[in-house]
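Just below is one structure, and these are the notes that go with it.
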Amino acid sequence: MVFGWLIRFLITVVLLRLAWKFLAGLAQGATTRPQVPPTKAVSLVRDPACGTYIDRSRAITLRHKGETHHFCSEDCRTGFQQGQRATAKGA
Ligand SMILES: [Zn+2]
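Written as C-alpha cells, this is what we have:
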C-alpha cells in the first residue's frame, strides 16, 4: 500500500509541474503579446454606414454629437447624416 501512496504522490507532483508550466506560459504570453502588433501601424476605423474598415488617415470624417465618425465615401457620409435625421424625427 506504500507504493500506491508513492505513485499518487508522484502523479500529483507531475500534474502540479505541468499546471505550473501551463500557467507560466499563459502569463508569459499575456505579457509579451502587446509588444508584437506595431508591425502593421495602420489604424483602421469602421464606416458606420456600410460597415467596412478604412484607413483613418484617408477616411472622410463627420463630427456628430461630440463624436467623430469615419466614412469611406461622400455617399456613406450623406447616407449616415440622412439616417441620423430620420431616427431623430422618428424618436
Ligand atoms: Zn462606406
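Residue numbers for the sequence shown follow the numbering used here, beginning at -2 and rising by one.
Don't be surprised by glycine CBs; every beta carbon is placed ideally from N, CA and C.
Keep in mind it's a predicted model, so treat the numbers as computed, not measured.
Other residues of its chain near residue i: CB distance less than 6 Å, five sequence neighbours each side excluded
i: Arg74; result: Ile57, Leu59, Phe68
i: Arg53; result: Ser40, Val42
i: Leu3; result: none
i: Phe19; result: none
Start and end residues, beta strand (DSSP E) containing residue i
i: Arg60; result: 57 to 61
i: Asp52; result: 50 to 52
i: Val42; result: 41 to 43
Contact set for residue i: own chain, Cβ-Cβ below 8 Å, skip 5 residues either direction
i: Gln81; result: His61
Residue i - partner residues in DSSP beta bridges
i: Phe68; result: Ile57
Nonlocal neighbours in the same chain, by C-beta distance under 7 Å from residue i, ignoring five residues either side
i: Gly76; result: Ala46
Query raised in the report: Using the beta carbon as the reference atom, which residues fall closer than 6 Å to any heavy atom of ligand 1, ordered along the chain?
Result: Asp44, Ala46, Cys47, Thr49, Phe68, Cys69, Ser70, Cys73
Requested in this report: Inspect the CB distances between the stretch 15 to 24 and the stretch 36 to 51 and report whether three or more fall short of 8 Å.
Outcome: no
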